[in-house]
Structures are given as C-alpha cells and as structure tokens.
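What follows is one structure encoded as structure tokens, with my remarks underneath.
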Amino acid sequence: MNTLETILQKKIIAIIRLENYARALEVAQALVAGGVSVMEFTLTGSGATEAVSRVRAQLGEAACVGVGTVLSREAAQESIAAGAQFIVTPAVRLPVIAECVRQNIPIACGALTPTELLEAHEAGAELVKLFPAQTFGPKYIKDVLAPFPFLKLVPTGGVSPENARDYLAAGAVAVGIGGNLISKQAVNSGNFAAITAAAQACVRAVG
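Residue numbers (the working numbering): 2 to 208.
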C-alpha cells in the first residue's frame, strides 16, 4: 500500500505541532498504540525533520510520517531528504507542489476558497487540505464538492472526535486533527497514555 492509499484508508492525519520535538518518538508511539499511524510534524517547531528521521527509523512501516507547514521548495526538499512520506502546506504553494510532483511525493496542499481548491488540484496536489475547516464547517465541503466532485478534501482546523464523522459524511476523504488529539499538556507532562486514549477516540469516531 502506498502513502496516498494509506491516508485514504486510515482517514486520520495526526498533526503534531510542538515547540520542539525532543519527545517526538514517544508521541508517535502513543499515536500508533491508539490506532493512528499517519502523522505530520510541522516545521513550526524546532527539530521537525530530525524527528521524522528518528520516528521512521524506529517505527518503520508502523507509521506513515509527513511534514507540515511547508512553505518553500527548499523546505520540501529538506523534509523529503529527511524521510517525509508526504508533505502538507497551509496554503497554495505552487513551488512546493511542483517539487513534490517532481519527487513523486504526495502532497496535501492547503486551500479554502473554490478557486484555491481547484488551483491546488490542477497544480498536482493529490489531496487538498481545507483549512481552516471550522470557518465554514462540514456543509461547505458538500457545497464545494457539488461542482468539484473529483477533489480529495482533507478538512483541518477545529476537527475533533465529535465532528470528524460529519466531515467525512459530507464527502471528505480524511481529516487532519491536531490539538484535539495531541495535547501539549499531555506531551509536556509525559502523559502519553492520554494521547493513546485520544487516538482511540478518533479512530472510533471515523470508524
């Protein structure tokens, strides 16, 4: 199963956004233990690419690891060189899409308006990250897919175990879940069991 197929099957992308990634492996292990194997480390924290390399080396096929908040071609290149299996952007970044297409790496490109969604798709993004999803909610996905049924949308921003199923029912192919899955307090206190429990709740929600 390739990376895109894995994302479509699992339906959850865990968004790990920390100030630093010293405990990245423990977070990844907690997610996998809870049934969430697809995860992205955002470049907003220090040591993200090193975390990708470390997690991939330790967990192997048990985890599908990507890098998020990628804004430039250079950042995409560095992330892919570190072992990123997919790339995520918060906005339409054509150079990033082009680099991912060149290296045959799946990308979830951020977009919000119908024009942006279509632009990302036509530039080569296999997945389009609808962000911030909570701005319009699940109904917006249904509305957008009426003229663009071919889009593979991944709503992100405000998605939780409580509303994830609504987004999928509206036509999303997967959801991105961040703070409602990986609590910074849990990470800082070393309460990785809480992350596993949250992952289990998310899996139940989309199941």
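Each residue gets a CB set at the ideal place from its N, CA and C atoms; glycine is no exception.
These figures come from a predicted structure and were not determined experimentally.
On the criterion of 16 or more Cβ atoms from any shown chain inside 10 Å, does residue i qualify as buried, or is it exposed?
i    : result
S47  : exposed
F132 : buried
G1   : Outside the shown range of the chain, which is 2 to 208, sits residue 1, and nothing can be said about it.
Put residue i into one of helix, strand or coil per three-state DSSP.
i    : result
K130 : strand
F42  : strand
I196 : helix
G36  : coil
P156 : strand
S80  : helix
S184 : coil
Please state whether the Cβ-Cβ distance between residue i and residue j is less than 7 Å.
i    : j    : result
M40  : V66  : yes
A249 : A15  : The structure shown has nothing for residue 249, since the chain only spans 2 to 208.
G111 : P91  : yes
I142 : A165 : no
T4   : P96  : no
A195 : A206 : no
Closest by CA to residue i, which one among the options?
i    : options                  : result
A83  : A195, A194, A112 and V53 : V53
T136 : N3, P156, A126 and Q10   : P156
A209 : A23, E27 and V33         : Because the chain is modelled from 2 through 208, residue 209 falls outside the range shown and cannot be assessed.
A85  : A49, F151 and V176       : A49
R55  : A99, P115 and Y22        : Y22
G208 : V68, Q186, V176 and Q104 : V176
G179 : N189, N192 and V160      : V160
C101 : L44, A76 and L26         : A76
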